[in-house]
């Protein structure tokens, strides 16, 4: 089946099975590296992208349910020559170790900041409760999100 | 954009896929039209351009090259696991060569390009790898000085080095650059093992919190991980792992996936079973639908009685320390305390399940792997494929944090087998349940301690025993140590014999009177689940037991735990670290356990008795109803000698705190009589944001001490 997806501002037509999780289309058909495979079970958040303004887990989102809402991945949030405040903040705070969870952290945080531009640390931790990090970068991640929030204030 | 060479290489993560990052459309066009030929040609071109044709560790060219711009490339056998060492090693090299950090790039973990530095493991990268890089850079510096002295006709002690230029101190306009002296040429000289390295008091790069070079691409979706590698013509595979720990494949019903789109082949060899498909989701679907009949094999012992099972096994016993007669002391002591501590099987629990890509062309295999040891894996895979090692190249690409011997080597082996079967590049991605079930585990251990204090409140007798299997079942060049090896027909023989790692920090750094420390090594067959290296190996369990028992003895002596430690520690650096933690924490002396449901605790260790000193203090609360433990605040004081990058170090320490707290409070692998039952994040929970404590770190810097 063909689906037309708007990803990071560009339209793409893909011919895939209707139940194909969006994650594999983004990574394999569109060659995007942002969203990551972590569990395929919506338990870890590594695959997070935005559908419209909402953070979704692309590993359990069948392409047939996406419709024409715009999809934004980490690449669409900002690029090396024009970083999103969160991306800049994650660099400034060195808020990663292996970095595999970083996509999920940034994309989840970006969605939260849209709803709540001045979150408390508790707000941030609660919003990121669905994002797993095994290396233990949690403290820096919260600091980076705060830093990004302050820079946008 | 990619203005500097270091930014280019850093963004790419590995030379071979660097070309895909040449700006958007151009890069993509290059990739699409030139594909595999381009990638190999690019690599060969790089090798020639960099003049790097040897991996002989005695030769300078194996470690370092200088290009026509005077920029330096370091060839490192140690690899970036997410620990920040890629940056730290670059700092070491830049320091010795008096170069700005930005002018040093690192190529890592490639059997065709980098020296064999063994495994990136054991907290050895700075300690050993850093020394190698320092020596190489210092050797190169000396060569450059000698060449410049001759070229400029100026004595070498009257030369100044700055930013890749060597000039006469007296007449600065008499100068020559590194590029002029050696750019793009080989040194053809050995490493000078006795080279004089820079005095730490002159450091301007080492010791600075240089930002990690690998973070910018990680926050913007640059190609970084092996999971991101896409080769032209690449197929997607899913391996159907055995239905249980000891299961073997009896039958496969291939008709169970007839008609599923995109399936290219079902590959079977003995009990090794995989599906290969054009698209990733097609492989996933086919693998989950393919019907196989498995013989369960020998039953696993019950998890509920695992400790008793381990204690009942025949062991190889080794006395590690023996001073005085602890049995006699303990026999004659009125209040002998005794305790048993256990550690369950635990997971590495990498956020990204293991993934590898194997390519094959003209009988030459290239394995892209997040292995900790490219040479050891190459040897094992070559055996598995039945080819000579010179037909296999292993190239490191980062995976998610591994924290030891996770599934990476095994996924790499599977990819290699499938590339051999298909004659095309194959990508193997483990699913979450594959990683949870099939990664080698941090082993279950049992620790028993007896001890007593004398009338003056010091330890008079101490008898410590630990039951443990080996903590390494790494590939180490043997096909049978790779997961598919023993599954194949005929099976590759398992070749694990060395007892290693379970005894780390079984001995403490305290003076403990009459004491004996014994390791009871369990044979591999006695461990129902495959054990292997998980961060700190036996040190975690042994330190947990030793420090817990020190608290018991302190209480029996009516002593404060901190004061009790200091009483038994004859080591100024150790005492300093304990005191630094206490000052930061505001440790409240106490002589009896808290009854209020909240309290403070401390632990001290010198890693493997000879390396880094760590003192950790926590406050926490325990819910008496649920038993839930909530950490409030953690303070760590840390002395690792010379600090290369203090921010990188703090980053690692924070990670250690959270990961080990999660292991101590939450984690255990669960299994039934045939299989592992903790197969996802709901059945193997780890710390989430709500559990993370406040963490304060005190770094004690001793630049005079080895790193």
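Residue numbers (my numbering), protein chains in the order written: chain A, 1 to 153; chain B, 1 to 707. Positions of the beta carbon are idealized from the N, C-alpha and C atoms, including for glycine.
Proximal residues of chain A, C-beta to C-beta of residue i below 7 angstroms
i: residue 216 of chain B; result: 80, 91
i: residue 280 of chain B; result: 24, 28
i: residue 695 of chain B; result: 139
i: residue 212 of chain B; result: 94
i: residue 682 of chain B; result: 43
i: residue 647 of chain B; result: 94
Beta-carbon contacts of residue i that lie in its chain and below 7 angstroms, excluding the five residues immediately before and after
i: residue 303 of chain B; result: 670, 671
i: residue 69 of chain A; result: 51, 52
i: residue 137 of chain A; result: 95, 96, 97
i: residue 711 of chain B; result: Outside the modelled stretch of chain B, which goes from 1 to 707, sits residue 711 of chain B, for which no answer is possible.
i: residue 321 of chain B; result: 507, 515, 516, 517
Cα-Cα separation, residue i to residue j
i: residue 116 of chain A; j: residue 8 of chain A; result: 23 angstroms
i: residue 192 of chain B; j: residue 128 of chain B; result: 16 angstroms
i: residue 142 of chain B; j: residue 55 of chain B; result: 21 angstroms
i: residue 205 of chain B; j: residue 377 of chain B; result: 34 angstroms
i: residue 465 of chain B; j: residue 703 of chain B; result: 36 angstroms
i: residue 285 of chain B; j: residue 277 of chain B; result: 10 angstroms
i: residue 38 of chain A; j: residue 388 of chain B; result: 35 angstroms
i: residue 264 of chain B; j: residue 25 of chain A; result: 20 angstroms
i: residue 486 of chain B; j: residue 294 of chain B; result: 15 angstroms
i: residue 415 of chain B; j: residue 457 of chain B; result: 60 angstroms
i: residue 124 of chain B; j: residue 88 of chain B; result: 13 angstroms
i: residue 77 of chain B; j: residue 598 of chain B; result: 47 angstroms
i: residue 47 of chain B; j: residue 153 of chain B; result: In this prediction, residue 47 of chain B scores a pLDDT of 47, lower than 50, which makes its location untrustworthy; the coordinate-derived value is nonetheless stated afterwards. So the two alpha carbons sit approximately 33 angstroms from each other.
i: residue 104 of chain A; j: residue 55 of chain A; result: 9 angstroms
i: residue 689 of chain B; j: residue 185 of chain B; result: 52 angstroms
i: residue 85 of chain A; j: residue 129 of chain A; result: 21 angstroms
i: residue 514 of chain B; j: residue 474 of chain B; result: 37 angstroms
i: residue 536 of chain B; j: residue 283 of chain B; result: 36 angstroms
i: residue 632 of chain B; j: residue 539 of chain B; result: 24 angstroms
i: residue 330 of chain B; j: residue 582 of chain B; result: 32 angstroms
i: residue 567 of chain B; j: residue 335 of chain B; result: 20 angstroms
i: residue 471 of chain B; j: residue 569 of chain B; result: 28 angstroms
Own chain partners of residue i with C-beta closer than 6 angstroms, once the 5 adjacent residues on each side are dropped
i: residue 424 of chain B; result: 233, 235
i: residue 64 of chain A; result: 18
i: residue 604 of chain B; result: 565, 578, 615
i: residue 600 of chain B; result: 619
i: residue 635 of chain B; result: 581, 584, 585, 617, 696
Chain A residues whose Cβ lies nearer than 8 angstroms to that of residue i
i: residue 656 of chain B; result: 136
i: residue 686 of chain B; result: 132, 134
i: residue 690 of chain B; result: 125, 126, 129
i: residue 223 of chain B; result: 33
i: residue 651 of chain B; result: 94, 97, 137, 140
Neighbouring residues, chain A, relative to residue i (Cβ below 9 angstroms)
i: residue 227 of chain B; result: 27, 33, 36, 37, 100
i: residue 659 of chain B; result: 134, 135, 136
i: residue 230 of chain B; result: 27, 28, 31
Under 7 angstroms from the C-beta of residue i: neighbouring residues of chain B
i: residue 150 of chain A; result: Ordered by position in chain B, no residue passes the 7 angstroms Cβ test against residue 150 of chain A, which lies about 18 angstroms from the chain.
i: residue 20 of chain A; result: 281
Sequence-distant residues of the same chain with beta carbon closer than 8 angstroms to residue i, five excluded per side
i: residue 41 of chain A; result: 59, 60
Closer than 7 angstroms: residue i CB and nearest the ligand PLP heavy atom
i: residue 391 of chain B; result: With respect to the ligand PLP, the structure shown offers nothing to examine, as it has no ligands at all.
Chain B contact residues for residue i, given Cβ-Cβ distances below 8 angstroms
i: residue 73 of chain A; result: 221
At a Cβ cut of 9 angstroms, what residues of the region 35-59 of chain A count as close to chain B, listed as they run along the chain?
Those would be 35, 36, 37, 38, 39, 40, 41, 43, 44, 46, in chain order.
Could you name the residues of the region 76-100 of chain B whose beta carbon sits closer than 8 angstroms to any beta carbon of chain A, in the order they occur along the chain?
Answer set for the region 76-100 of chain B: 81, 82, 83, 84.
What runs of the alpha helix (DSSP H), each 4 residues or longer, lie entirely inside the region 88-114 of chain B?
Runs of the alpha helix (DSSP H) lying entirely within the region 88-114 of chain B and spanning at least 4 residues: none are present.
Output needed in chain order: residues of the region 424-448 of chain B with a Cβ under 8 angstroms from some Cβ in chain A.
Within the region 424-448 of chain B, the residues whose Cβ lies closer than 8 angstroms to some Cβ of chain A are 429, 431, 432, listed in chain order.
Could I get the ranges of all uninterrupted beta strand (DSSP E) runs contained in the region 301-341 of chain B, with 3 residues as the minimum, in chain order?
Fully enclosed beta strand (DSSP E) runs of 3 or longer: 316-323.
Along the region 579-597 of chain B, where does the CB come closer than 7 angstroms to a CB of chain A? Name the residues.
Here the close residues number zero.
Using a Cβ cut-off of 7 angstroms, which residues of the region 105-132 of chain A contact any Cβ in chain B, in chain order?
Only those residues of the region 105-132 of chain A whose C-beta falls short of 7 angstroms from the nearest C-beta of chain B are listed: 106, 125, 128, 129, 132.
Every unbroken beta strand (DSSP E) within the region 14-60 of chain A, with a cutoff of 3 residues, ordered by chain:
Fully enclosed beta strand (DSSP E) runs of 3 or longer: 48-51, 54-57.
Of all the residues that make up the region 338-366 of chain B, which are near chain A by a beta-carbon distance shorter than 9 angstroms?
Identification of residues in the region 338-366 of chain B having a C-beta nearer than 9 angstroms to some C-beta of chain A yields 348, 349, 350, 351, 352, 353, 355, given in sequence order.
Proximal residues, the region 383-401 of chain B versus chain A, C-beta separation under 9 angstroms
For the region 383-401 of chain B, which is checked against every Cβ of chain A, the residues closer than 9 angstroms are 398, 399, 400, 401.
Within the region 53-138 of chain A, ranges of the beta strand (DSSP E) (whole runs, at least 3 residues):
For the region 53-138 of chain A, whole beta strand (DSSP E) runs of length 3 or above, ordered along the chain, are 54-57.
Counting only runs of 3+ residues fully inside the region 405-451 of chain B, write out the beta strand (DSSP E) ranges in chain order.
Listed in chain order, the complete beta strand (DSSP E) runs (minimum 3 residues) inside the region 405-451 of chain B are 426-429.
For the region 215-259 of chain B, which segments carrying the beta strand (DSSP E) assignment without a break, of at least 3 residues, lie completely within its bounds, in sequence order?
DSSP runs (the beta strand (DSSP E)) wholly in the region 215-259 of chain B: 235-239, 248-253.
Can you check the region 585-630 of chain B for any beta strand (DSSP E) of at least 3 residues that lies completely inside it and give the ranges in chain order?
Whole beta strand (DSSP E) segments, 3+ residues: 598-606, 613-622.
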